[in-house]
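Written below as structure tokens is the structure these notes are about.
Residue numbers (this note's numbering): 300 to 593.
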């Protein structure tokens, strides 16, 4: 048994989610994938499903080091190749990650990308993902996190449309007299909370329009002069800059939320991931809509 080949097949099985999908990606018969994994389990005297994520991470790291060494030896270290998998929230992925990925692919023709834009936290290890965008305070973990910006949860409404007709709220208590647009997506808590100094102010206004999809429909409702919406600042930066939407009650906002690029490879990061991180860090940190000031 070729141990490196067996490790590569095993890693592909984990990353793609099964024997059949790994066989398709590697262009080999499923029976070969099954046989190699079985032989690997017999060699290790353990079922790989019982070995946990540690063995998978070790295999992935070793294969990455081999790839880096080979690229360096052949003089192609600066040309990433292979499939890069990225996850991000839906709207952030559309507005900010997709342009970076397209730039990356144009620069490196031997690389491919698999983008998974979902409004939930994707487990990088269990779901075989290389890089994730996290818009949140991060818990301690073994993952590597790089801060690239920050955003706020802002209240906004159209002007001169909605605000001209209903007036501009001056205090969170005034929201009880306004039409509320609510989103139940992962980026917005079910109960609005603002703050006044050290004191948090819960807002119990009853929403007249609630959307459970991405925040696009909440933005559309605000632009249609329907009411006041609470959204992440990057999601409405274009409309605020154009004057279509106006931020209200900014002095009562909660502290800014950090944006991180998260990956799992540490100092042994592969060339395809390193190249993407370098490009994404430079691009996102230069974006004014992601450096919302206090």
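Even glycine gets a Cβ: it sits at the ideal position worked out from N, Cα and C. Here the structure is a predicted model, which means the values were calculated and not measured.
Here the region 530 to 540 lies against the region 448 to 465, with 3 or more beta-carbon pairs under 8 Å apart.
Residue pairing by DSSP places residue 568 opposite no residue, since no beta bridge is assigned to it. Distance from the CA of residue 580 to the CA of residue 341, rounded to the nearest whole angstrom, comes to 43 Å. For the pair residue 423 and residue 412, the CB atoms are not nearer than the 8 Å cut-off. 8 Å or more divides the Cβ of residue 551 from the Cβ of residue 525. Taking the Cα positions, residue 544 is about 8 Å away from residue 521. Residue 562 is positioned such that its CB atom lies closer than 8 Å to that of residue 568. One thing to note: residue 475 has its Cβ no nearer than 8 Å to the Cβ of residue 517.
Apart from sequence neighbours up to five positions away, the residues of its chain that approach residue 502 with a beta-carbon distance below 6 Å are 471, 474, 491, ordered along the chain.
Residue 456: not part of any alpha helix (DSSP H); member of the beta strand (DSSP E) spanning 452 to 457, first to last residue.
Looking at the DSSP output, residue 422 shares a beta bridge with no other residue. Within the same chain, 387, 389, 392 come within 6 Å of residue 416 by CB-CB distance, once the 5 residues on both sides are set aside. Put simply, the backbone Cα of residue 357 is about 10 Å away from that of residue 310.
Exclusion of the five residues before and after residue 346 leaves 340 as the residues of its chain whose Cβ lies within less than 7 Å of its Cβ. With distances taken between CA atoms, residue 382 lies nearest to 400 out of 400, 587, 578, 395. DSSP links residue 446 through a beta bridge to 559. With a minimum length of 4 residues, the unbroken runs of alpha helix (DSSP H) contained wholly in the region 466 to 546 fall at 515 to 522, 532 to 541.
Within the same chain, and ignoring the five residues on either side of residue 582 in sequence, the residues whose Cβ sits closer than 7 Å to its Cβ are 399. When C-alpha distances from residue 577 are compared across 548, 447, 556, 405, the shortest belongs to 447. Distance from residue 313 to residue 336 at the Cβ level is roughly 10 Å; contact not present, criterion being Cβ atoms closer than 8 Å. For the 8 Å CB-CB criterion, residue 318 and residue 329 form a contact. Inside the region 376 to 413, DSSP marks whole beta strand (DSSP E) runs of 3 or more residues at positions 381 to 387, from first to last along the chain. Judged by DSSP in its simplified three-state form, residue 434 adopts strand. For the 8 Å CB-CB criterion, residue 527 and residue 479 form a contact.
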